[in-house]
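Participant: Just so you know, we're using the numbering used here here: the sequence shown kicks off at 1353 and counts up by one. The structure follows.
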Amino acid sequence: MLGARDVYGDVLIELGTVNKDIVVLDADLASSTRTSKFAKKFPDRFFNMGVSEQDMMGTAAGLASAGKIPFCSTFAVFATGRAWEQIRQSICLPKLNVKIVATHGGITVGEDGASHHSTEDIALMRVLPNMTVIVPADGYEAGAAIRTAVKYNGPVYIRLSREKFPVIYPETHEFEIGKANVFRDGEDVTIIAAGLMAHAAMEAADDLRKDGLSAGIINMSTIKPIDSNAILTAARKSGAIVTVEEHSIIGGLGSAVAEVISENEPVLLKRIGINDKFGMSGRPAELLEHYGLTKDAIKKAVYNIVEKKGIVSGSNLLTNP
1353 MLGARDVYGD
1363 VLIELGTVNK
1373 DIVVLDADLA
1383 SSTRTSKFAK
1393 KFPDRFFNMG
1403 VSEQDMMGTA
1413 AGLASAGKIP
1423 FCSTFAVFAT
1433 GRAWEQIRQS
1443 ICLPKLNVKI
1453 VATHGGITVG
1463 EDGASHHSTE
1473 DIALMRVLPN
1483 MTVIVPADGY
1493 EAGAAIRTAV
1503 KYNGPVYIRL
1513 SREKFPVIYP
1523 ETHEFEIGKA
1533 NVFRDGEDVT
1543 IIAAGLMAHA
1553 AMEAADDLRK
1563 DGLSAGIINM
1573 STIKPIDSNA
1583 ILTAARKSGA
1593 IVTVEEHSII
1603 GGLGSAVAEV
1613 ISENEPVLLK
1623 RIGINDKFGM
1633 SGRPAELLEH
1643 YGLTKDAIKK
1653 AVYNIVEKKG
1663 IVSGSNLLTN
1673 P
């Protein structure tokens, strides 16, 4: 298990040591976002903007226009919701080089409840022209994505979790914006996942293989620009897709995949995510279970979709729920 926000704090110091143009802004949550590490190392390049996310984004835009590379951090629900207009008008419209690295994404924020659960942030960022949207699958991919983002000239939104993720990638992993990682091909179905759900998807695919089903696995860390080629290749090969995300099924990964296949290669699709509901207070594992974001939920969705293809019978479905 590795915390993506912990890696973020360390990578900020790594990058800041070699690039003096990197500055970091936070909205009074530096301890939680781990930008406090950068603040301690480079106090003259750290700005605590207080509980004023709109001002943070406007200030970051000004710094970017002066040649700096600002990293803005706070909780995902505040970064994308409270400051959306400033991101649109001051950052995305002029395509300024601002990196928004938001922590506490999704429902695994846990006990903080619906007011702090960000289940709409990917949709809010994905709709903005010029914005790149990244949801890393583990801590090492988060670090790799941040190292890549600093080399990219333009707005980037990176969504991190409060919880520690199971490790999927090696520490030496390299990240390419807009490129999905195809872990395995599938003949019967392809599971496309992002963030925390990538590991659950891999576990589900392993179980399905024991049951005689060939399930492909794609980690779609870049939600925008999305890897259309990987999606269409999988659609043609497997003829069925299940998407899994810790986000609303409206506007996130599932919607992005649906847009690609509906216009180019219509196949059966099932979206797994938050079904147009707000979160609630609870332990992260309990919330994932409550909202159907588990290995077993993925397996059930796969059996339902392959039954429609005629691969398994109803009786098989009942014995493999």
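Each residue gets a CB set at the ideal place from its N, CA and C atoms; glycine is no exception.
1. Assign ARG1357 to buried or exposed, taking buried as 16 or more other Cβ atoms, counted over all protein chains shown, within 10 Å of its Cβ.
2. Which first and last residues belong to the beta strand (DSSP E) in which HIS1599 is found?
3. How would you write the range of the beta strand (DSSP E) that SER1425 sits in, first residue to last?
4. Using beta-carbon positions only, say whether SER1580 and ILE1486 come within less than 8 Å of one another.
5. DSSP puts VAL1534 in a beta bridge; with which residues?
6. Can you round the beta-carbon distance between ALA1582 and ALA1637 to whole angstroms, since I take them to be within the 8 Å contact cut?
7. Measuring alpha carbon to alpha carbon, tell me which of MET1409, VAL1429, LYS1661 and GLN1441 ends up nearest LEU1480.
8. When the Cα atoms are used, what is the spatial distance from PRO1604 to ALA1475?
9. SER1425 and VAL1453: beta carbons closer than 8 Å?
10. Assuming THR1432 and LEU1377 are in contact, meaning their beta carbons sit under 8 Å apart, how far apart are those beta carbons, in whole angstroms?
11. Is it the case that the Cβ atoms of GLU1597 and GLY1625 are separated by a distance below 8 Å?
12. Rounded to a whole number of angstroms, what is the C-alpha to C-alpha distance between TYR1643 and SER1600?
13. Quick check: the Cα distance between PHE1398 and ARG1561, rounded to an integer number of angstroms?
14. Tell me, to the nearest whole angstrom, how far the beta carbon of HIS1468 is from that of PHE1517; I am working on the premise that it is less than 8 Å.
15. HIS1456 and TYR1492 look like a contact to me (Cβ under 8 Å); what is the Cβ gap, rounded to whole Å?
16. Which residue comes first and which comes last in the beta strand (DSSP E) that contains LEU1645?
17. Rounding to the nearest angstrom, what Cα-Cα distance links GLY1465 and ILE1459 in this structure?
Facilitator: Judging by the given coordinates:
1. Sequence index remark: in the sequence shown, residue 1357 carries index 5 (1-based). By the neighbour-count rule (16 or more Cβ atoms within 10 Å), ARG1357 is buried.
2. What you label residue 1599 is simply residue 247 of the sequence shown in a count that begins at 1. Residues 1592-1600.
3. Here residue 1425 corresponds to residue number 73 of the sequence shown, with the count starting at 1. Per DSSP, the continuous beta strand (DSSP E) segment holding SER1425 begins and ends at 1421-1425.
4. What you label residue 1580 is simply residue 228 of the sequence shown in a count that begins at 1. What you label residue 1486 is simply residue 134 of the sequence shown in a count that begins at 1. Not in contact: SER1580 and ILE1486 (Cβ atoms no closer than 8 Å).
5. Residue 1534 sits at position 182 when you count from the first residue of the sequence shown. In the DSSP output, where bridge partners are listed per residue, VAL1534 has ILE1570.
6. The residue labelled residue 1582 in the question sits at position 230 within the sequence shown. The residue labelled residue 1637 in the question sits at position 285 within the sequence shown. About 30 Å separates the Cβ atoms of ALA1582 and ALA1637, ruling out a contact at the 8 Å cut-off.
7. One-based indexing of the sequence shown puts residue 1480 at position 128. Comparing alpha-carbon positions, the option among MET1409, VAL1429, LYS1661 and GLN1441 lying closest to LEU1480 turns out to be GLN1441.
8. Indexing the sequence shown from 1 puts residue 1604 at position 252. Indexing the sequence shown from 1 puts residue 1475 at position 123. First, the residue type needs correcting, since residue 1604 is Gly and not Pro in the sequence shown. CA-CA distance, GLY1604 to ALA1475, rounds to 5 Å.
9. Position 73 of the sequence shown, counted from the start, is the residue given in the question as residue 1425. Position 101 of the sequence shown, counted from the start, is the residue given in the question as residue 1453. Result yes, Cβ atoms of SER1425 and VAL1453 sit closer than 8 Å.
10. Your numbering for residue 1432 matches position 80 in the sequence shown. Your numbering for residue 1377 matches position 25 in the sequence shown. No, THR1432 and LEU1377 are not in contact; Cβ-Cβ is about 15 Å, not under 8 Å.
11. Reading the sequence shown from its first residue, position 245 is the one you call residue 1597. Reading the sequence shown from its first residue, position 273 is the one you call residue 1625. Their beta carbons are under 8 Å apart, which means GLU1597 touches GLY1625 by this criterion.
12. For the purposes of this step, residue 1643 is taken as the residue at position 291 of the sequence shown. For the purposes of this step, residue 1600 is taken as the residue at position 248 of the sequence shown. TYR1643 and SER1600 have their C-alpha atoms some 11 Å from each other.
13. Here residue 1398 refers to the residue found at position 46 when the sequence shown is read from its first residue. Here residue 1561 refers to the residue found at position 209 when the sequence shown is read from its first residue. Near 49 Å, if we compare the C-alpha coordinates of ARG1561 and PHE1398.
14. One-based indexing of the sequence shown puts residue 1468 at position 116. One-based indexing of the sequence shown puts residue 1517 at position 165. Between HIS1468 and PHE1517 a beta carbon distance of about 19 Å is seen, past the 8 Å cut, so the two are scored as non-contacting.
15. Position 104 of the sequence shown holds residue 1456. Position 140 of the sequence shown holds residue 1492. Contact flag wrong, Cβ pair sits at about 20 Å.
16. Stepping through the sequence shown from its first residue, residue 1645 is reached at position 293. Where LEU1645 is concerned, there is no enclosing beta strand (DSSP E), given that its DSSP letter is neither H nor E.
17. As a first step, residue 1465 is located in the sequence shown; it is residue number 113 there, counting from the start. As a first step, residue 1459 is located in the sequence shown; it is residue number 107 there, counting from the start. Roughly 8 Å between the two C-alpha positions.
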